[in-house]
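Residue numbering for the sequence shown follows the working numbering, starting at -1 and increasing by one per position.
Remarks on the structure that follows.
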Amino acid sequence: MKSVFIVATERSEAHLLCRTMCSFEAATDLMGGVEDPKTLEPTALAAISGCPLNERVYSTIATKYREANERGHVYIDQSYPLLWFVESLSMMFPECIFIFPWRPNEQILASMLKDQGVLKWYERLRHGAIAAEYPNRFFGVNCKTDIEALSLDRLCLARIVSHKFECLRLRTLLGESKIRILEHERLAVRGASAITDLLSSEEVIKLGRQAKGCKAELTSLSDYVYELSKAQKELAYSNEVLRP
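Printed below as a string of structure tokens:
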């Protein structure tokens, strides 16, 4: 294991996993826990448009991968829209694994509805500011009229569900050892031990000892109770994807 790619639906679960992984002494994202703008938005735009990932993005990732490995570290990448390019990344970096933080629909929905960065994607789509293919797997919609017609909560939920199904498709295609699923709630409560439980003993050794603590905001697990309406909760529950 020379690299871990965190692939997720949205940033909050990706951030927590990245911070926790980088709390091990031999793991680094080379960004101090901050998303890399050179990879994050170009990756999302490529996924939305259905285009291949720009070679500059691959080059940026490869450079950081080499730098981390030369230091004797495992490279951690939290550019979570890379979910849609896992197949090419797995060939480019055969010694990598992918971790998908699995979180209940209602928790992700509550988080997304508060995230202005998430909501701006729909504004940009409606105004034709970005190219998108239809049907769109990233957003989980069949046609452009869905973007206009569906309520924001339904749009967010469509994206959540589509990302979960993509995770399961990749897991079937590439195998459980390549595509790991980590319960977000378990990570929030147990921290680093949730990660070591997911890895083999050899992989744990590569990460080294945990050099610093990393705490999660446990209220994020229950915020949805107060932030979502009864109808939104029922919508989230009824569209939950069963994980293996």
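Positions of the beta carbon are idealized from the N, C-alpha and C atoms, including for glycine.
Euclidean distance between Cα positions of residue i and residue j
i: L253; j: W100; result: With the chain represented from -1 up to 242, any question about residue 253 goes unanswered, as that position is not in the structure.
i: K162; j: A156; result: 10 angstroms
i: E146; j: A130; result: 14 angstroms
i: I59; j: L43; result: 17 angstroms
i: H13; j: K142; result: 30 angstroms
i: K231; j: E238; result: 11 angstroms
i: W82; j: K204; result: 27 angstroms
i: C165; j: S198; result: 21 angstroms
i: Y132; j: D27; result: 33 angstroms
i: V55; j: A66; result: 17 angstroms
i: E53; j: E181; result: 32 angstroms
i: N140; j: L168; result: 21 angstroms
i: Y235; j: L226; result: 12 angstroms
i: P242; j: C154; result: 23 angstroms
i: L171; j: R122; result: 33 angstroms
Reduced DSSP category for residue i - H, G, I as helix; E, B as strand; rest coil
i: S21; result: coil
i: C212; result: coil
i: E174; result: coil
i: F83; result: helix
i: L233; result: helix
i: C94; result: strand
i: S227; result: coil
i: T26; result: strand
i: I106; result: helix
i: I179; result: strand
i: V139; result: strand
Residue i - containing alpha helix (DSSP H), residue span
i: V116; result: Q114 to R124
i: V202; result: S199 to L205
i: I59; result: E53 to E68
i: I193; result: A190 to L196
Start-to-end residues for the beta strand (DSSP E) that takes in residue i
i: V72; result: V72 to D75
i: S149; result: Here S149 belongs to no beta strand (DSSP E), and DSSP marks it neither H nor E.
i: S47; result: No beta strand (DSSP E) holds S47; the alpha helix (DSSP H) holding it covers L38 to S47.
i: R218; result: Sequence inspection shows Ser at residue 218; the Arg mentioned does not correspond to that position. Counting along the chain, S218 falls outside any beta strand (DSSP E), and DSSP gives it neither H nor E.
i: F3; result: S1 to I4
Rounded distance between the beta-carbons of residue j and residue i, thought under 8 angstroms
i: N134; j: I46; result: 7 angstroms
i: M19; j: V2; result: 6 angstroms
i: S86; j: L117; result: The Cβ separation is near 29 angstroms, so there is no contact.
i: T7; j: I177; result: At roughly 15 angstroms, the Cβ-Cβ gap does not stay under 8 angstroms, so T7 and I177 are not in contact.
i: K0; j: Y73; result: 7 angstroms
i: S21; j: K210; result: 5 angstroms
i: L150; j: I97; result: Contact doesn't hold; Cβ gap of about 28 angstroms is too wide.
i: A186; j: A214; result: 4 angstroms
CB contact below 7 angstroms: residue i versus chain C
i: Y235; result: Absent from the structure: chain C. Only one protein chain is present.
**Asked** Three or more C-beta pairs closer than 8 angstroms, one from the region 76 to 86 and one from the region 27 to 38: is that the case here?
**Response** yes
**Prompt:** Taking contact to mean at least 3 C-beta pairs separated by less than 8 angstroms, is the region 98 to 113 in contact with the region 207 to 225?
**Reply:** yes
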